[in-house]
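One structure below.
Residue numbers (the working numbering), protein chains in the order written: chain A, 1 to 114; chain B, 115 to 229.
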C-alpha cells in the first residue's frame with residue numbers, strides 16, 4: 001500500500017517550458033488536491049477534484065491545468081513555466097470532504113524554474 | 115473568509131522542555147474543523163489531529179496535547195518533554211463546512227529541538 005506517490009521528486013525547468021506532475025493514490029479516495037508550498041506562505045490550494053472526470057479551481061489556479069481521467073491519478077500541468085512557479089508541490093487525497101476527511105499527502109515535488 | 119494565523123515563525127528549545135505552538139483562526143461558520151499537521155525534514159506532511167467545533171475537550175496523545183478554546187478562537191498544540199525527533203514544521207489548518215470545505219493552512223511554525 002503505497003499511499004500517495006508523486007512523480008518526479010525534483011525538476012528544473014527553463015522559463016516557457018512545459019511539464020506534467022503526476023500524482024497517484026491507491027486508497028480509492030474520491031477527492032484529490034494539488035497544493036503549492038512557498039516559504040512563509042504555508043500550503044495553498046491550486047486545483048482539486050471531487051471525483052473522476054471532475055476538477056475545480058482552488059486558491060491559486062493561474063498558470064496551471066489539471067486532469068483526473070482515472071480515479072487514482074491526478075495530473076498537474078504547467079503549460080509555460082514561469083520563475084514564480086518555483087515551489088514545492090504537494091498532492092493529497094481524502095476519502096471524504098476536507099472538513100471530515102483526513103488528507104493524505106504525497107512526498108512532494110520540488111520544482112525550480114530558471 | 116477563513117484564516118489561520120501561526121504567529122510563531124520559529125521556536126528553539128532544548129530537549130525535554132515543554133513547548134506550545136499557537137494557532138488562532140477566523141471563520142464565519144459555526145461548524146468547522148481544525149487540524150494539525152507535522153512536516154518533518156523529509157518533507158512529507160503527517161496528519162496529527164482533527165477536531166470539530168462542537169468538541170472543546172482537550173485531547174492528549176502521549177506527549178502531545180491540544181487545547182481548543184472557542185472563546186479565543188485558538189487551537190494550541192503542546193509537546194511535553196520535547197525530543198529531537200519533534201523537530202519539524204507544524205501546520206495548523208481550518209476547514210469550514212459550507213461549500214467545498216477546503217483546508218486553509220497557517221504559515222507554519224518551525225520547531226527546532228536541540229539535544
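Positions of the beta carbon are idealized from the N, C-alpha and C atoms, including for glycine.
Could you spell out where the beta strand (DSSP E) holding residue i opens and where it closes?
i	result
residue 77 (chain A)	73-78
residue 153 (chain B)	146-153
residue 47 (chain A)	42-51
residue 11 (chain A)	10-13
residue 124 (chain B)	124-128
residue 164 (chain B)	160-166
residue 140 (chain B)	138-140
residue 27 (chain A)	No beta strand (DSSP E) contains residue 27 (chain A), which DSSP labels as neither H nor E.
residue 177 (chain B)	Per DSSP, residue 177 (chain B) belongs to no beta strand (DSSP E) and is neither H nor E.
residue 196 (chain B)	It is not in any beta strand (DSSP E) - residue 196 (chain B) carries neither H nor E in the DSSP assignment.
residue 6 (chain A)	4-7
residue 60 (chain A)	Per DSSP, residue 60 (chain A) belongs to no beta strand (DSSP E) and is neither H nor E.
residue 224 (chain B)	223-228
residue 209 (chain B)	202-210
Whose C-beta lies closer than 6 Å to the C-beta of residue i among residues of the same chain, with five residues either side of it excluded?
i	result
residue 219 (chain B)	205, 207
residue 128 (chain A)	Nothing can be reported for residue 128 (chain A), as the shown portion of chain A is limited to 1 through 114.
residue 165 (chain B)	148, 182
residue 103 (chain A)	92, 94
residue 67 (chain A)	75
residue 56 (chain A)	48
At least one CB of chain A closer than 7 Å to the CB of residue i: is that the case?
i	result
residue 134 (chain B)	no
residue 220 (chain B)	yes
residue 158 (chain B)	yes
residue 216 (chain B)	yes
Which same chain residues end up closer than 8 Å to residue i when comparing Cβ atoms and leaving out the 5 residues on each side of it in sequence?
i	result
residue 188 (chain B)	136, 137, 138, 139, 181, 182
residue 226 (chain B)	124, 125, 126, 127, 201
residue 116 (chain A)	Not covered by the structure: residue 116 (chain A). The range shown for chain A is 1 to 114.
residue 198 (chain B)	129, 227, 228, 229
Return the chain-ordered list of same chain residues with a C-beta closer than 7 Å to the C-beta of residue i, the five sequence neighbours on each side being excluded.
i	result
residue 221 (chain B)	120
residue 63 (chain A)	78, 82, 85
residue 11 (chain A)	19, 109, 111
residue 113 (chain A)	13, 15, 81, 82, 83, 85, 86
residue 2 (chain A)	26
residue 118 (chain B)	137, 139, 206, 207, 208, 218, 219, 220
residue 29 (chain A)	93, 94, 95
At least one CB of chain B closer than 7 Å to the CB of residue i: is that the case?
i	result
residue 108 (chain A)	yes
residue 102 (chain A)	yes
residue 45 (chain A)	yes
residue 74 (chain A)	no
residue 105 (chain A)	yes
residue 42 (chain A)	yes
TODO: Mind listing, in chain order, the continuous alpha helix (DSSP H) runs of no fewer than 4 residues lying wholly within the region 82-113 of chain A?
DONE: none
TODO: Taking a Cβ distance cut-off of 9 Å, strictly less, list which residues of the region 141-166 of chain B are near chain A, in chain order.
DONE: 145, 146, 147, 149, 151, 153, 156, 157, 158, 159, 160, 161, 164, 166
Open item on the list: Can you pull out the residues from the region 47-72 of chain A whose beta carbon lies closer than 9 Å to at least one beta carbon of chain B?
Closed with: 48, 50, 56, 58, 59
TODO: Note down, in chain order, all residues in the region 164-187 of chain B with a beta-carbon under 7 Å from any beta-carbon belonging to chain A.
DONE: 164
TODO: Mind checking the region 195-206 of chain B against chain A and listing, in chain order, the residues whose C-beta falls within less than 7 Å of any C-beta there?
DONE: 205
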